[in-house]
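Residues in the sequence shown are numbered from 42 upward in steps of one, following this note's numbering.
One structure is given below, encoded as structure tokens.
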Amino acid sequence: MAESQQIILHHYPMSPFAEKIRLILGFKGLHWLSVHIPNIMPKPDLTALTGGYRKTPVMQIGADIYCDTSLIAEVIDERSPTPSLYPTGIAGASRILAQWADSTLFWTSVPYAMQPAGLAHMFAGLPPEALKAFGDDRNTFRGNLPRMRPADAVGAFGLYLQRLEGMLAAREFFFGAAPSIADFSIYHNLWFVERGGPVAKILDSYPALKNWRTRMSAFGHGAHEKLDSAAAIAMAQRAASKPALGGNAESHGISVGEKVVISATDTGTDPIEGVLHGATAERISIAREDARAGKVVVHFPRLGFELRRAKG
Ligand SMILES: N[C@@H](CCC(=O)N[C@@H](CS)C(=O)NCC(=O)O)C(=O)O
Numbered sequence: 042m043a044e045s046q047q048i049i050l051h052h053y054p055m056s057p058f059a060e061k062i063r064l065i066l067g068f069k070g071l072h073w074l075s076v077h078i079p080n081i082m083p084k085p086d087l088t089a090l091t092g093g094y095r096k097t098p099v100m101q102i103g104a105d106i107y108c109d110t111s112l113i114a115e116v117i118d119e120r121s122p123t124p125s126l127y128p129t130g131i132a133g134a135s136r137i138l139a140q141w142a143d144s145t146l147f148w149t150s151v152p153y154a155m156q157p158a159g160l161a162h163m164f165a166g167l168p169p170e171a172l173k174a175f176g177d178d179r180n181t182f183r184g185n186l187p188r189m190r191p192a193d194a195v196g197a198f199g200l201y202l203q204r205l206e207g208m209l210a211a212r213e214f215f216f217g218a219a220p221s222i223a224d225f226s227i228y229h230n231l232w233f234v235e236r237g238g239p240v241a242k243i244l245d246s247y248p249a250l251k252n253w254r255t256r257m258s259a260f261g262h263g264a265h266e267k268l269d270s271a272a273a274i275a276m277a278q279r280a281a282s283k284p285a286l287g288g289n290a291e292s293h294g295i296s297v298g299e300k301v302v303i304s305a306t307d308t309g310t311d312p313i314e315g316v317l318h319g320a321t322a323e324r325i326s327i328a329r330e331d332a333r334a335g336k337v338v339v340h341f342p343r344l345g346f347e348l349r350r351a352k353g
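Below is the structure:
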């Protein structure tokens, strides 16, 4: 395969959203290149490609950079449509359940897993200054997102597990005999809690979910090889980005070629500047020039991001 067509995933092992994508790559039987990124800021090699987007994971194909797992999953599915992540008849419902799992369930699973016993297990052996640096980074990352206290997270997470268990009573996956995007979005949350040592015991009480987790993890991560972050930047530099997709190329009354700023609306809201390269009903693409990566196009899903005309 031409270098400019290879899938490069920028991620780190403990990231639940990265696990969602690694498992999708396994489900699709795809080969990919793996770039490990830091789990806290600064991330200079990642932001050379993204222009400031800092979340994990990011997917790169040549000089095209894809942010947010909802978009990354769509792009992987377009490239490799079988088996589908959005099967006919359940495409809308599976996307909406996935959106719930990536937001509400995620912000319940994290405080559940990170209650004191889970935190002690996950960060065992880490020097206190590294733990402090991680905590400070995540405080900035979360911004004003409301914080769920441990006791509330324990109650809510248990209730969600009970409901999810009920949904699997008569089927192998959440919408039937084959998985959809909803399965991958629910899975990464439980995968993260599983890493919480003593707090993971809660999962033992849900046998249908346990069998489903075994079926999901069997997809594996697909064949992959390690790649250096500097080599990934050089690959972007050598590649030409794809032309803009068709669709409503104008967005928010802003025309292609105008200077814009885009940012996530929930966490990691660091702004990304560039010029509007294209927009469709589902995604917004920004072109930008980087000293090391050259001309890149950074793609975002419309949902969960805000676009503004750049000042001045
Ligand atoms: N909506 C984003 C959420 C991604 C996200 O929050 N990822 C976490 C890691 S699992 C993150 O970026 N944490 C901060 C970091 O890695 O710097 C997506 O679907 O990709």
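Glycine included, C-beta positions come from ideal geometry on N, C-alpha and C.
Counterpart residues of residue i in DSSP-defined beta bridges
{"i": "residue 107", "result": "100, 340"}
{"i": "residue 52", "result": "77"}
{"i": "residue 41", "result": "Because the chain in this structure spans residues 42 to 353, residue 41 falls outside the shown range and cannot be described."}
{"i": "residue 315", "result": "301"}
{"i": "residue 292", "result": "295"}
{"i": "residue 214", "result": "217"}
8 Å Cβ cutoff met for residue i and residue j
{"i": "residue 243", "j": "residue 196", "result": "no"}
{"i": "residue 108", "j": "residue 293", "result": "no"}
{"i": "residue 158", "j": "residue 239", "result": "yes"}
{"i": "residue 98", "j": "residue 52", "result": "yes"}
{"i": "residue 327", "j": "residue 313", "result": "yes"}
{"i": "residue 267", "j": "residue 75", "result": "yes"}
{"i": "residue 165", "j": "residue 81", "result": "no"}
{"i": "residue 102", "j": "residue 48", "result": "yes"}
{"i": "residue 247", "j": "residue 206", "result": "yes"}
{"i": "residue 154", "j": "residue 237", "result": "yes"}
{"i": "residue 316", "j": "residue 106", "result": "no"}
{"i": "residue 260", "j": "residue 304", "result": "no"}
{"i": "residue 286", "j": "residue 254", "result": "no"}
{"i": "residue 183", "j": "residue 308", "result": "yes"}
{"i": "residue 60", "j": "residue 229", "result": "yes"}
{"i": "residue 146", "j": "residue 201", "result": "yes"}
Buried/exposed call for residue i, threshold 16 Cβ in 10 Å
{"i": "residue 129", "result": "exposed"}
{"i": "residue 227", "result": "buried"}
{"i": "residue 124", "result": "exposed"}
{"i": "residue 349", "result": "exposed"}
{"i": "residue 185", "result": "exposed"}
{"i": "residue 342", "result": "buried"}
{"i": "residue 161", "result": "exposed"}
{"i": "residue 44", "result": "exposed"}
{"i": "residue 270", "result": "buried"}
{"i": "residue 212", "result": "exposed"}
{"i": "residue 257", "result": "buried"}
{"i": "residue 296", "result": "exposed"}
{"i": "residue 113", "result": "buried"}
{"i": "residue 329", "result": "buried"}
{"i": "residue 137", "result": "exposed"}
{"i": "residue 167", "result": "exposed"}
{"i": "residue 284", "result": "exposed"}
{"i": "residue 306", "result": "exposed"}
{"i": "residue 272", "result": "exposed"}
{"i": "residue 172", "result": "exposed"}
Check whether the stretch 57-76 and the stretch 88-95 are in contact - that is, three or more C-beta pairs closer than 8 Å. no
On the three-pair Cβ rule with 8 Å, is the stretch 322-342 touching the stretch 267-286? yes
At least 3 beta-carbon pairs within less than 8 Å: the stretch 139-149 vs the stretch 208-226: yes
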